[in-house]
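Those letters in the sequence shown? Residues 22 to 681, by our numbering. For every residue, glycine included, the Cβ atom is placed at its ideal position computed from N, Cα and C. The structure presented is a predicted model; accordingly, all values stated were derived computationally and were not measured. In what follows, a structure is listed as structure tokens, so that the remarks can point back to it.
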Amino acid sequence: GVEICAVRLLDENGRLHLKAFRGLSPEARQVAVQPQPDSLLGQCLRTGQVVSVPNSQEQAQRLQGLLPEETLASLVLAPITTETLTLGVLTAASSQRGYFTQEYVEFFQSLAGQLGLAVRTANMEEILRLDESRLEAVWQISQMTKASLQEITEFALEEGVRLTKSHMGYLAFLDEDETELTIQAWSKSALAQCALPHQPLVYRVATTGLWGEAVRQRRPLIFNDFAAPHPGKKGLPAGHLELRRYMSVPVFDGDQIVAVAGVANKEEEYDDSDVRQLTLLMMGMWSHIKRQRAEEALAAEVERGIYFQHLLIHTCMDGIVAHDKEGIIRTFNENAARILGYEPEDILGRMNIRDLYAPGLAEDMQRKIHDPGYGGVGILENFETFMRHKNGSLVPVWLSARVLYENDREIGIISHVKDLRERKRLEEELLRNERLAALGKMAAHIGHEIKNPLMLIGGFARQVAKDLPPDQEKNLQKLQIIIDEVKRLEEFLVEVGTYAKFSEPQKVPGDLNALVQDTCTRLEPSLRESHIDLVLNLAPHLPTVSFDPGHLRQVLINIAKNGIEAMEPGGTLSVTTGTEDHRVFVEIRDTGSGIPKEMLDKIFQPFFSSKPKGSGLGLAISQKIIQAHHGEIIIDSEPQKGTRVTIFLKPEDAAEPKAA
22 GVEICAVRLL DENGRLHLKA FRGLSPEARQ VAVQPQPDSL LGQCLRTGQV VSVPNSQEQA
82 QRLQGLLPEE TLASLVLAPI TTETLTLGVL TAASSQRGYF TQEYVEFFQS LAGQLGLAVR
142 TANMEEILRL DESRLEAVWQ ISQMTKASLQ EITEFALEEG VRLTKSHMGY LAFLDEDETE
202 LTIQAWSKSA LAQCALPHQP LVYRVATTGL WGEAVRQRRP LIFNDFAAPH PGKKGLPAGH
262 LELRRYMSVP VFDGDQIVAV AGVANKEEEY DDSDVRQLTL LMMGMWSHIK RQRAEEALAA
322 EVERGIYFQH LLIHTCMDGI VAHDKEGIIR TFNENAARIL GYEPEDILGR MNIRDLYAPG
382 LAEDMQRKIH DPGYGGVGIL ENFETFMRHK NGSLVPVWLS ARVLYENDRE IGIISHVKDL
442 RERKRLEEEL LRNERLAALG KMAAHIGHEI KNPLMLIGGF ARQVAKDLPP DQEKNLQKLQ
502 IIIDEVKRLE EFLVEVGTYA KFSEPQKVPG DLNALVQDTC TRLEPSLRES HIDLVLNLAP
562 HLPTVSFDPG HLRQVLINIA KNGIEAMEPG GTLSVTTGTE DHRVFVEIRD TGSGIPKEML
622 DKIFQPFFSS KPKGSGLGLA ISQKIIQAHH GEIIIDSEPQ KGTRVTIFLK PEDAAEPKAA
């Protein structure tokens, strides 16, 4: 009967691989054979016809060692084919000569044809199964949108090992110059079995072994007999896993190799199907990585753009306020918060733009921004208006605004707000200074014109009073009134002259406490006459201050006399010195009637006085002197509770540098 039977299938390189057998001795079980052209296998494959050998001893030299020659008597070789392809060879042998009759030959020919259909079907099914499995793996990779690069590559590598039925694998990325391979991932089995203490991560393509051969040749490579000599092999270090079979594929991005995937130790030989599956899988992985990197780069670029816009808006020197079509505020930068007194978190998404304007102003702005006369349709330029501060006050601002559009649809308005308070203050101060300068010139002129006549009037009145008989008491009283009023006018003219011809202070370092004590000594007659108590609180070790003693003494006397005149007998005048916020201060407090709130804003204006007989120049002169000392004078007062006047001066080590 038939003692030996074998099925061998061709691979893409034309080699025959033993797939099934019966009765073959171990030495005849060659895994892969390259058929020689003149061999029986070569003849069968070349002609596509059944080869029948009644006496195999006559053809022994053409067997290529596939069957044990000493036991052979007859054999038959039938090509395994489909309609268009030759897939392999079915071989049968018998120890009986002439065993394979024509009937047997036809049977084996039919059997080989059926095998061809079965193999073709099985191959197609396997290809479909692998394609489905690979597509499933690629789909899973595409869903790993939040995964790290390491997670993606490890998953893809494990799938590559599974699809090719390998036992281990690795994945390496190539640098842009294609000169260095960096290991990105090892399969779990490789990590578990490898005994190398330190696995290198970077390999030079030019000098590494088979790791780099696929890059150097720029094509997939299969080594089904890893032990066979190869010029690219460099050997394996001690402790490295034994490699029996090895396959590596380059991953291309255009013309550039970006990665190399390698698998090893498949039980069967690697073939083109393995190359195809691993290549397509890795291309799918690389496409996902590229897309993810592009998305991350785009997201980073968008984030940088958003951050830059945020920085631009929030570092703008003026206020930026934007609201949507419903008026809800969506942008409110730090300077807008500074101008209007709100915190951004109290505004954003909560407050309507109308709440930031006085009644009717928001609607007025809406009308003007659509009026071409104010900068153009949808544009408002340098519109002076008022916005409402958190404390309820109205803040003067310059407003420039622009309508925001999306697809030609109005979605909101962005406004650029410039705070005009400082400008208004400077304008008012400039006007005030101009007015005061003109007033000073006029006062000086008037003083000069009336000074001499006033001296004559006073002199004559005193002379007449001196010569008047004692029985003229009523006339004497009238003369005394003239003399007193002349004296008051002369003092007034002195103050006018002081104000009009103000001289810069001649500052010298001095002891402020000593000046305060000297001033209080000079005030003792006035204090006794008015029955006012003095409380002196002088801070020890007060820093040295540069000041003009005459000027500063005049300020202290002016303020103290105002306090004395504001109190009833029994009142208390308190004078305190100390330091606060790196400044030296003198505080003069009285227990008088206080100053009405509506008068406080005018208290430093020249010729303004809350007293019936005051000149209105004392505090104006005092403020001028303190400002010339680069200091500050502050008045706090409450009706019926008294007044506190505080003078702040810089200590000597913080004073303004002297001009060279």
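Per DSSP, residue 378 is not a residue of any beta strand (DSSP E), being assigned neither H nor E.
Around the CB of residue 664, 16 or more other CB atoms lie within 10 Å, so the residue is classed as buried. Below 8 Å, too few C-beta pairs join the segment 540-548 and the segment 492-500 to call them touching: fewer than three. If you look at residue 659, you'll find it in the beta strand (DSSP E) that goes 653-659. Per DSSP, the continuous beta strand (DSSP E) segment holding residue 102 begins and ends at 95-102. Less than 8 Å separates the beta-carbon of residue 673 from that of residue 530.
If you look at residue 207, you'll find it in the beta strand (DSSP E) that goes 201-207. Residue 281 carries a strand assignment under DSSP once its states are collapsed to helix, strand and coil.
Counting only runs of 4+ residues, the alpha helix (DSSP H) found wholly inside the segment 517-586 occupies 533-551, in chain order.
With the rule of 3 Cβ pairs closer than 8 Å, the segment 275-292 does not count as touching the segment 123-137. Shown here, residue 227 sits in coil according to DSSP, grouped into three states, outside any helix or strand.
For residue 385, the enclosing alpha helix (DSSP H) begins and ends at 382-390. The three-state secondary structure of residue 26, taken from DSSP, is strand. By the criterion of a C-beta distance shorter than 7 Å, residue 36 is surrounded in its chain by 53, 54 and 55, once the five residues flanking it on both sides are discounted. By the beta-carbon neighbour count (other beta carbons within 10 angstroms, threshold 16), residue 437 is buried. Around the Cβ of residue 403, a 10 Å sphere holds fewer than 16 other Cβ atoms; the residue is exposed.
Distance from residue 272 to residue 285 at the Cβ level is roughly 17 Å; contact not present, criterion being Cβ atoms closer than 8 Å. Take residue 112, set aside five residues on each side of it, and the residues of its chain with a beta-carbon closer than 6 Å to its own are 27 and 98, in chain order. The segment 55-66 makes contact with the segment 76-85: 3 or more CB pairs, one atom from each, lie closer than 8 Å. In this structure, DSSP gives residue 262 a state outside helix and strand, which the three-state scheme calls coil.
Where residue 643 is concerned, the enclosing alpha helix (DSSP H) starts and stops at 639-649. Each residue's CA atom was taken as its position, placing residue 174 and residue 146 some 28 Å apart.
If you draw a straight line from the Cα of residue 575 to the Cα of residue 617, it comes to about 25 Å.
Annotation for residue 294: no beta strand (DSSP E) segment contains it, though the alpha helix (DSSP H) segment containing it runs 293-335.
Residue environment for residue 346: exposed (fewer than 16 other C-beta atoms within 10 angstroms of its C-beta). In the three-state scheme derived from DSSP, where H, G and I count as helix and E and B as strand, residue 427 is classed as strand. For residue 403, the three-state secondary structure derived from DSSP is strand. The C-beta of residue 177 has 16 or more other C-beta atoms within 10 Å across all chains shown, which makes the residue buried. Taken through DSSP and simplified to helix, strand or coil, residue 118 comes out as coil. With contact defined as three or more Cβ pairs closer than 8 Å, the segment 499-506 and the segment 466-477 are not in contact.
With respect to residue 652, residue 623 sits apart: the two C-beta atoms are not nearer than 8 Å. Annotation for residue 235: the continuous alpha helix (DSSP H) segment containing it runs 234-238. Residue state for residue 446 is assigned as helix, using DSSP reduced to three classes. In this structure the segment 408-423 lies against the segment 440-451, because at least three pairs of beta carbons, one per stretch, are closer than 8 Å. In the DSSP secondary-structure assignment, residue 113 is bridged to 26 and 97. The C-beta separation of residue 570 from residue 536 comes to about 6 Å, placing the pair in contact by the 8 Å criterion.
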